[in-house]
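In what follows, a structure is listed as structure tokens, so that the remarks can point back to it.
Chains as they are written, first to last, in the working numbering: chain E, 65 to 362; chain Y, 342 to 579; chain X, 10 to 294.
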């Protein structure tokens, strides 16, 4: 059996997978750089925590409401983001993250610097679910997110996002309401982050503003880019590898963050498409191998 | 009856006038040529018609309806399609997907419809048909960014046709092409026109202009300096 | 009381101006969001402190800090950004964040996690303009800032190199077709911008009398907000925005005492301004 420690690590990684997949919708599919994804994770976490500790909601409705609230706030905050592009957008989303974190930190309603404690893990049939049970829940949510992801990729929505990512002005002249599809990307992506935030809150049982700061956004974005932005496999693999990195680099504790920084830098320098992106060494090698193998079949 | 009526159209950028008091009409079924030197405001005219720019003054009416304040997608859905002077296919998408993006215009307006599967047999077949119609050779799964210029231009026309347009705006379709390629394109333009699509053509290549346009508008420094049949304008120019 | 806050605000604004100037110059020529610029700023503080301890002279420390940062900036451009420029903007951005994280960690490992004192005794007269009184250190910061800004202005507006720099910022491709070595001009932008960040780091180190590994964390992102507020790549815009934010922070937080973290104020201002001017205060489409 998996030890409690391993389960804890796997749950954390699983939550990061949800975060990376949801950010990938905004930044990978629709091409809108977001440096503030953790803000929406925080909005989901706080919504869920407040509903649970103050309004006596049980986990399940709180979890769903967290997704809805984060999605709704994402839709509203997408509006300032629509006025700006590229680098201005990146900095605006970063600003949103700082402002949201500051709000958690300074408004007493949100527990200010103390955060919110006493958030229990979910219960099922009257008893609290165990850690392996929580892991199954996280895996279930990941499966649901992947299902939505695949369905979007096959739909006209996915196509409209791809067009906006490649050339916004041309997409407009192809009949795509650019504003609407961008808002949709921010809404769905933020809702996913909200769900992840709710899981995070009920897993840690207490939350603090710093959990949802800009640094966290960078961690999530790094995972997406590390694995291969705009693909399904990329963010999943990126979240697993970078999520597990702290565990594997335990012997080099002192140099862990340094290594992380250098890893990001070297990857961008030599594999800018991520380890599993379309133009990455691994994927190109794989395609080359398959092409070599193909004539032998005939 | 005029399909498109433009009256007193004016557009300035930071005090520089790109179009000044331009009035013209596009008649149903014709091929109208727009000519003039670089910087004359030809592409700005297209950008105003397709909603990429909002004009400072003046009106643009399409089938009698003012569209100068409409956004690009609303104008596209009304049946005005265009190509770009500097070709802009969606580079990492396949040729089929490039056309499919425009074919989707009938699904985008409603969220429900846009959440349905895009690559159905019917829609893929329609897109392949459009690629054939512009004479695109096989290999529709290639990424559009890797195509040679001539084929990119064809792809842009196929993409525009997927909007099922009544009015097609072509921005220098022969620019950068070899002679034979231009001739083939000329044939394509004629054929599309015979199929009932009204065309406005920005073009530098005078033989092409003289070959297909029955009416011309001449712009210079944002001002419309002449309008009429090609022969008369050529006489006046020389 | 209010005048003292204004003096604080001016000093803060001057440091922001020095730091953001480099950021905006880099953005002007490369269109890269240079997050690691704040790492260069912290490097300036460390090198300045080290050189001061070695020589006992603040001014030598300042010059050495500027030189070291200039070199660091040129190396960053050459080996990190230059190969990434043709890629989507997010790639150099993530690389820059990676470098910034690595730099902060390197400072911690080399110099220790604690704040070091930077007790350079700089004899610099205080300045009184009517009711406005600047303390010695504040006068020092303002003077150095104005001198460096003045030199930069002279360079940009009066010299051939400056003309080439401005032209490169407008359109590098066309400029290089006129025979200008735009690679050298880009390097020069990094050199000057990074030297200014180094000066800012050393000055703030003395002003606060401390230097610590993560001293660049807040400036890294706040300066991006200020640069965007001024209009990305626009030099007068970022100087203006720096002083506005410096004053707004000290006045709003110090006098009105609104319960809001001062470091988030720049972002609120930026978001509000972008709603009405999507390209910043002095920026253009």
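Virtual Cβ for every residue (Gly too), placed ideally from N, Cα, C.
Inset, instruction - Using beta-carbon positions only, say whether residue 251 (chain E) and residue 78 (chain E) come within less than 8 Å of one another. - result: Position 187 of the first chain, counted from the first residue, corresponds to residue 251 (chain E). Position 14 of the first chain, counted from the first residue, corresponds to residue 78 (chain E). No. Outside cutoff.
Inset, instruction - Consult DSSP for residue 510 (chain Y) and reduce its assignment to one of helix, strand or coil. - result: In the second chain, counting from the first residue as 1, residue 510 (chain Y) sits at position 169. If DSSP states are grouped into helix, strand and coil, residue 510 (chain Y) belongs with the strands.
Legend entry - Delimiting residues of the alpha helix (DSSP H) encompassing residue 214 (chain X): The residue you call residue 214 (chain X) lines up with position 205 of the third chain. From DSSP, the alpha helix (DSSP H) with residue 214 (chain X) extends over 191-217.
Inset, instruction - Have a look at residue 237 (chain E) and residue 214 (chain E) and give me their C-alpha separation to the nearest angstrom. - result: Position 173 of the first chain, counting from 1, holds the residue named residue 237 (chain E). Position 150 of the first chain, counting from 1, holds the residue named residue 214 (chain E). Near 26 Å, if we compare the C-alpha coordinates of residue 214 (chain E) and residue 237 (chain E).
Inset, instruction - List the endpoints of the continuous alpha helix (DSSP H) containing residue 569 (chain Y). - result: As a working note, residue 569 (chain Y) is residue 228 in the second chain. Residue 569 (chain Y) -> not in any alpha helix (DSSP H); beta strand (DSSP E) instead, spanning 564-569.
Legend entry - chain E contacts from the segment 430-457 of chain Y (Cβ-Cβ distance under 7 Å): 431, 432, 433, 434, 438, 441, 442, 443, 445, 446, 448, 449, 455, 456, 457
Inset, instruction - Kindly indicate the opening and closing residues of the beta strand (DSSP E) around residue 127 (chain X). - result: What you label residue 127 (chain X) is simply residue 118 of the third chain in a count that begins at 1. No beta strand (DSSP E) contains residue 127 (chain X), which DSSP labels as neither H nor E.
Legend entry - Bridge-paired residues (DSSP) for residue 370 (chain Y): Position 29 of the second chain, counted from the first residue, corresponds to residue 370 (chain Y). Its beta-bridge partners do not exist; DSSP assigns none.
Inset, instruction - Taking only the alpha-carbon atoms, compute the straight-line gap between residue 435 (chain Y) and residue 468 (chain Y) and give it to the nearest angstrom. - result: Working through the second chain from its first residue, we reach residue 435 (chain Y) at position 94. Working through the second chain from its first residue, we reach residue 468 (chain Y) at position 127. Computed Cα separation, rounded: 12 Å.
Legend entry - chain X within 8 Å of residue 322 (chain E), Cβ atoms only: Taking the first residue of the first chain as 1, we reach residue 322 (chain E) at position 258. With 8 Å as the cut-off, residue 322 (chain E) counts as an interface residue toward chain X.
Legend entry - Where the segment 102-116 of chain E meets chain X: residues whose CB sits under 9 Å from a CB there: none
Legend entry - Where residue 425 (chain Y) meets chain E, residues with beta-carbon distance less than 8 Å: Counted from its first residue, the second chain places residue 425 (chain Y) at position 84. The answer, in chain order, is 234.
Legend entry - Below-8 Å beta-carbon distance, residue 226 (chain E) vs any chain Y residue: Along the first chain, read from residue 1 onward, the residue named residue 226 (chain E) stands at position 162. Answer yes: the Cβ-Cβ gap between residue 226 (chain E) and chain Y drops below 8 Å somewhere.
Inset, instruction - Classify residue 149 (chain X) as helix, strand or coil using the three-state DSSP reduction. - result: Taking the third chain and counting its residues from 1, one reaches residue 149 (chain X) at position 140. Here residue 149 (chain X) sits in helix by DSSP.
Legend entry - Short Cβ contact (8 Å threshold) for residue 100 (chain E) with residue 293 (chain E): Taking the first chain and counting its residues from 1, one reaches residue 100 (chain E) at position 36. Taking the first chain and counting its residues from 1, one reaches residue 293 (chain E) at position 229. Contact flag unset, no.
Legend entry - Limits of the unbroken alpha helix (DSSP H) element including residue 403 (chain Y): Position 62 of the second chain, counted from the first residue, corresponds to residue 403 (chain Y). That residue, residue 403 (chain Y), is in no alpha helix (DSSP H); its beta strand (DSSP E) goes 398-403.
Legend entry - Contained alpha helix (DSSP H) runs [length at least 4] in the segment 148-200 of chain E, N- to C-terminal order: 150-170
Inset, instruction - Return the Cβ separation of residue 36 (chain X) and residue 30 (chain X) in integer angstroms, given the expectation that the two are a contact with Cβ distance under 8 Å. - result: One-based indexing of the third chain puts residue 36 (chain X) at position 27. One-based indexing of the third chain puts residue 30 (chain X) at position 21. Not confirmed; about 11 Å, so no contact.
Inset, instruction - Could you tell me which residues DSSP pairs with residue 348 (chain Y) in its beta bridges? - result: Mapped onto the second chain, residue 348 (chain Y) falls at position 7. Y:400.
Inset, instruction - Would you be able to state if there are at least three C-beta pairs under 8 Å between the segment 472-486 of chain Y and the segment 412-424 of chain Y? - result: no
Legend entry - Counted within 10 angstroms of its Cβ, other Cβ atoms place residue 21 (chain X) as buried (16 or more) or exposed: Reading the third chain from its first residue, position 12 is the one you call residue 21 (chain X). With 16 or more Cβ atoms within 10 Å of its Cβ, residue 21 (chain X) is classed as buried.
Legend entry - Residue from X:181, X:39, X:145, X:14 with nearest C-alpha to residue 87 (chain X): Locating residue 87 (chain X) in the third chain gives position 78, counting from the first residue. For the residues X:181, X:39, X:145, X:14, the minimum Cα distance to residue 87 (chain X) belongs to X:39.
Inset, instruction - Using a Cβ cut-off of 8 Å (strictly closer), state whether residue 230 (chain E) contacts chain Y. - result: The count along the first chain starts at 1 and reaches residue 230 (chain E) at position 166. It does; some Cβ of chain Y falls within 8 Å.
Legend entry - Secondary structure of residue 358 (chain Y), DSSP reduced to three states: Locating residue 358 (chain Y) in the second chain gives position 17, counting from the first residue. Residue state, collapsed to three classes: strand.
Inset, instruction - With DSSP as the reference, please indicate the residues paired to residue 539 (chain Y) in a beta bridge. - result: Translated into the one-based positions of the second chain, residue 539 (chain Y) becomes position 198. Paired residue(s): Y:508.
Inset, instruction - Would you check if the distance between the CB atom of residue 109 (chain E) and the CB atom of residue 265 (chain E) is smaller than 8 Å? - result: Sequence index remark: in the first chain, residue 109 (chain E) carries index 45 (1-based). Sequence index remark: in the first chain, residue 265 (chain E) carries index 201 (1-based). Contact flag set, yes.
Inset, instruction - Under the assumption that residue 94 (chain E) contacts residue 229 (chain E) (Cβ atoms under 8 Å), give the Cβ distance between them as a whole number of angstroms. - result: Along the first chain, read from residue 1 onward, the residue named residue 94 (chain E) stands at position 30. Along the first chain, read from residue 1 onward, the residue named residue 229 (chain E) stands at position 165. About 6 Å separates the two Cβ atoms, so the contact holds.
Legend entry - With 16 other Cβ atoms within 10 Å as the buried cut-off, status of residue 44 (chain X): Along the third chain, one-based indexing puts residue 44 (chain X) at 35. Classification for residue 44 (chain X): buried.
Inset, instruction - Measure the C-alpha to C-alpha separation of residue 379 (chain Y) and residue 391 (chain Y) and round it to an integer number of angstroms. - result: As a working note, residue 379 (chain Y) is residue 38 in the second chain. As a working note, residue 391 (chain Y) is residue 50 in the second chain. Each residue's alpha carbon lies about 20 Å from the other.
Legend entry - Whole-Å CB distance - residue 53 (chain X) paired with residue 60 (chain X), under 8 Å assumed: To locate residue 53 (chain X), count along the third chain from 1; it is residue 44. To locate residue 60 (chain X), count along the third chain from 1; it is residue 51. So it is not a contact: roughly 10 Å between Cβ atoms.
Legend entry - Proximity to residue 519 (chain Y) [Cα-Cα], best of Y:458, Y:572, Y:549, Y:447: Taking the second chain and counting its residues from 1, the one referred to as residue 519 (chain Y) is at position 178. When only C-alpha atoms are compared, the closest one is Y:549.
Inset, instruction - Would you mind working out which of X:25, X:142, X:91, X:26 sits nearest residue 193 (chain X), comparing C-alpha positions? - result: Position 184 of the third chain, counted from the first residue, corresponds to residue 193 (chain X). Of the candidates X:25, X:142, X:91, X:26, the one whose C-alpha sits nearest the C-alpha of residue 193 (chain X) is X:91.
Legend entry - C-alpha distance - residue 357 (chain Y) paired with residue 560 (chain Y), whole-angstrom precision: Position 16 of the second chain, counting from 1, holds the residue named residue 357 (chain Y). Position 219 of the second chain, counting from 1, holds the residue named residue 560 (chain Y). Cα to Cα, the separation comes out at about 16 Å.
Legend entry - Contact set between residue 218 (chain E) and chain Y, taken where Cβ atoms lie within less than 8 Å: What you label residue 218 (chain E) is simply residue 154 of the first chain in a count that begins at 1. Neighbours of residue 218 (chain E) on chain Y, chain order: 458, 459, 460.
Inset, instruction - Hey, could you find the ends of the beta strand (DSSP E) residue 556 (chain Y) is sitting in? - result: The sequence position of residue 556 (chain Y) within the second chain is 215, counting from 1. Here the beta strand (DSSP E) through residue 556 (chain Y) covers 556-561.
Inset, instruction - Find the nearest neighbour of residue 539 (chain Y) within the set Y:373, Y:342, Y:354, Y:348, judged by alpha-carbon distance. - result: Locating residue 539 (chain Y) in the second chain gives position 198, counting from the first residue. Nearest option by C-alpha distance: Y:373.
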